[in-house]
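In the numbering used here, the protein residues as written are 89 to 631. No residue lacks a Cβ here, since even glycine has one placed at the ideal position from N, Cα and C.
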């Protein structure tokens, strides 16, 4: 090996010698022989007795030894790093490293030969992927926008029972949906008793220009306006059985409408601003205080237990939130009629705005979250502004006849780190104080609400889930200062559901629900009963 190494040394040395004329004395052949004579390559820099970690080239030398194994040093175990390097010694060092590189190259050649077929297959797949990526880039409709959609089919029916009959006053207050002396159950069955098949379609176009901002456009269509579960349907006696997905826009069934259009962007590292011509209250909150699914069955369970504090008002508005760690503070404003020019019936900050202003403070971590919210509302006014999906008829009437409503809500959740016997728990409570200059029964009146929602993950089969919720939709608890109305408006709502995750994009959810007193105080005049039981199967497609 010694003789072979010296033979390899010769051509390299000659190349290094070429620029200068060297004498035999300058070559110091004895030193060269000594440097090349070390048979064993060192495996660690610590084997050199004269190399300390404080040396400026310590790391470079260590890399040559440990990565390439091409530094031998001198037979006496020294490297002599401070000694001037002759061109011959440089040649010996370079030759040793070239030997190692040649060995590596030969090994690579052997591996390339051995896996030649597999590498050819991989190369073909990479070429295929590059072609597909090129095709996608050439045909994509936008480089900044992503489209996602949710389509939902719902088939189900309601059943009604009980002997409660409407008085003349209850008939008038119901808008003649039930005749005087008629059973509530008979009237509801005639209006909402059919089995119906409806759909809801949501298309989300999310655009980002900087990677940190969001321009969201939500397109929505549905045909729930005349369904058994459309709370806005003026013919439906019962509104508390409204579904969260029961959408139909003002333009009618099957019409695609812009349901959201807002822009969200960061201000510094802790603040986020949102502004939109069609934005919803919860779009401008840094934290939503519930992990109970919002798209299960009844709409009354989608307000964090406090529909007054979280009315999910949709209109023109803007908001700002601050987040630091688990803490957040949010403030926002929404005017339902913010797009109207007449200040008597619309505009921003006018009597006709139908506006809400919300402030929320919240804290959360991976498993737990809690929030307190305050909302000031000036309702839309009149019976035309009633929404029957989150309260009893008397509570909704109180909202419609109020000049303003001050609402507070405390909501929160806890969820386990892993699926098992323990469910996630979401709960909330809301209190609303009503003011009116016209109606003494409403001025100073109070309404309340609460709910508890449970959800178990990976039930029976991984990916499937089960849940239930119970609560009292908004109900009248106290009338005005003269206490004309002796509040007896309490009611209960339940829902149970099981979601089969058929594929990553398709789920089927059978569900049932029960409303104990859907007409609240309106049906309690004689102590008779009227209840609503319903069932459905919902199929959801996500794409």
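ask   = Does the beta-carbon of residue 264 have 16 or more other beta-carbons within 10 angstroms, so that it is buried, or is it exposed?
value = By one-based count along the chain shown, residue 264 stands at place 176. Only exposed fits residue 264, as fewer than 16 other CB atoms lie within 10 angstroms of its CB.
task = Taking residue 372 as the reference, give the member of 381, 360, 378 with the closest Cα.
result = As a working note, residue 372 is residue 284 in the chain shown. Selection 381, 360, 378 evaluated against residue 372 yields 360 as nearest (Cα-Cα).
inquiry  = Spatial neighbours of residue 623 within its chain, please: C-beta separation below 6 Å, excluding the five flanking residues on both sides.
reply    = Taking the chain shown and counting its residues from 1, the one referred to as residue 623 is at position 535. Excluding residues within five positions, the ones whose Cβ falls inside 6 Å are 244, 600.
message = Can you tell me where the beta strand (DSSP E) holding residue 447 begins and where it ends?
response = To locate residue 447, count along the chain shown from 1; it is residue 359. Segment 443-452, the beta strand (DSSP E) holding residue 447.
request  = Can you grab the Cα-Cα spacing for the pair residue 303 / residue 392, in whole Å?
outcome  = As a position in the chain shown, residue 303 is number 215, starting the count at 1. As a position in the chain shown, residue 392 is number 304, starting the count at 1. Their Cα atoms are separated by approximately 26 Å.
Buried or exposed (CB count within 10 angstroms, at least 16 for buried), residue 530 = Looking up residue 530 in the chain shown gives position 442. Buried, since its Cβ has 16 or more Cβ neighbours within 10 Å.
query = Which value, in whole angstroms, describes the spacing of the CA atoms of residue 375 and residue 418?
reply = Residue 375 sits at position 287 when you count from the first residue of the chain shown. Residue 418 sits at position 330 when you count from the first residue of the chain shown. Near 8 Å, if we compare the C-alpha coordinates of residue 418 and residue 375.
request  = With distances taken Cα to Cα, identify the nearest neighbour of residue 556 among 388, 254, 294.
outcome  = Here residue 556 refers to the residue found at position 468 of the chain shown. Considering only alpha carbons, the answer is 388.
inquiry  = For residue 539, tell me which candidate among 576, 386, 618, 324 has the shortest Cα-Cα distance.
reply    = Translated into positions along the chain shown, residue 539 becomes position 451. Looking at the Cα atoms, 386 is the closest of the given residues.
message = Helix, strand or coil, according to DSSP, for residue 636 in the structure here?
response = This structure gives no information on residue 636, because the portion of the chain shown stretches from 89 to 631.
task = Look up residue 545 in the DSSP assignment and give the residues it is bridged to.
result = Along the chain shown, read from residue 1 onward, the residue named residue 545 stands at position 457. DSSP output for residue 545 lists 553 as bridge partner(s).
key: For residue 130, the three-state DSSP class (helix, strand or coil)   = Sequence index remark: in the chain shown, residue 130 carries index 42 (1-based). The DSSP-derived three-state label of residue 130 is coil.
query = Considering only residues of the segment 203-247, which uninterrupted alpha helix (DSSP H) runs meet the minimum length of 4 residues and lie entirely inside it, listed in chain order?
reply = Entirely contained in the segment 203-247, the alpha helix (DSSP H) runs reaching 4 residues are, in chain order, 204-227.
key: Cβ neighbour criterion (16 or more within 10 Å) applied to residue 537   = Along the chain shown, one-based indexing puts residue 537 at 449. That one is buried.
query = Nearest CA to the CA of residue 550: which residue from 523, 586, 235?
reply = As a first step, residue 550 must be located in the chain shown, where it is residue number 462. From the listed residues 523, 586, 235, the smallest Cα separation to residue 550 is found for 586.
inquiry  = For residue 346, list the residues DSSP reports as bridge partners.
reply    = Start at 1 with the first residue of the chain shown, and residue 346 comes out as number 258. For residue 346, DSSP records a beta bridge to 307.
request  = If I'm right that residue 516 touches residue 498 with Cβ under 8 Å, what's the distance once you round it to whole angstroms?
outcome  = Here the question's residue 516 lines up with position 428 in the chain shown. Here the question's residue 498 lines up with position 410 in the chain shown. Beta-carbon to beta-carbon, residue 516 and residue 498 are separated by about 7 Å, close enough to satisfy the 8 Å threshold.
Length-filtered (3 minimum) beta strand (DSSP E) runs lying within the segment 369-434 = Along the segment 369-434, the beta strand (DSSP E) occurs as fully enclosed runs of 3 or more residues at 402-412, 415-423, listed in sequence order.
query = If you scan the segment 491-544 from start to end, which runs of the beta strand (DSSP E) of 3 or more residues do you find wholly inside it?
reply = If only uninterrupted beta strand (DSSP E) runs of at least 3 residues are considered, those enclosed by the segment 491-544 are 492-502, 512-523.
task = Decide if residue 369 is buried, meaning its Cβ has at least 16 other Cβ atoms within 10 Å, or exposed.
result = Mapped onto the chain shown, residue 369 falls at position 281. Using a 10 angstroms sphere on the CB of residue 369, the tally of other CB atoms reaches 16 or more, which defines it as buried.
query = Cβ of residue 460 within 8 Å of Cβ of residue 449?
reply = Walking along the chain shown from the start, residue 460 turns up at place 372. Walking along the chain shown from the start, residue 449 turns up at place 361. Cβ atoms of residue 460 and residue 449: closer than 8 Å.
key: Paired residues, beta bridge with residue 586 - DSSP   = As a first step, residue 586 is located in the chain shown; it is residue number 498 there, counting from the start. The partner list for residue 586 (beta bridge, DSSP) reads 554.
ask   = Which residues share a DSSP beta bridge with residue 162?
value = One-based indexing of the chain shown puts residue 162 at position 74. DSSP lists no partner for residue 162.
query = Would the beta-carbon of residue 153 fall within 8 Å of that of residue 132?
reply = Locating residue 153 in the chain shown gives position 65, where the first residue counts as 1. Locating residue 132 in the chain shown gives position 44, where the first residue counts as 1. Their beta carbons are under 8 Å apart, which means residue 153 touches residue 132 by this criterion.
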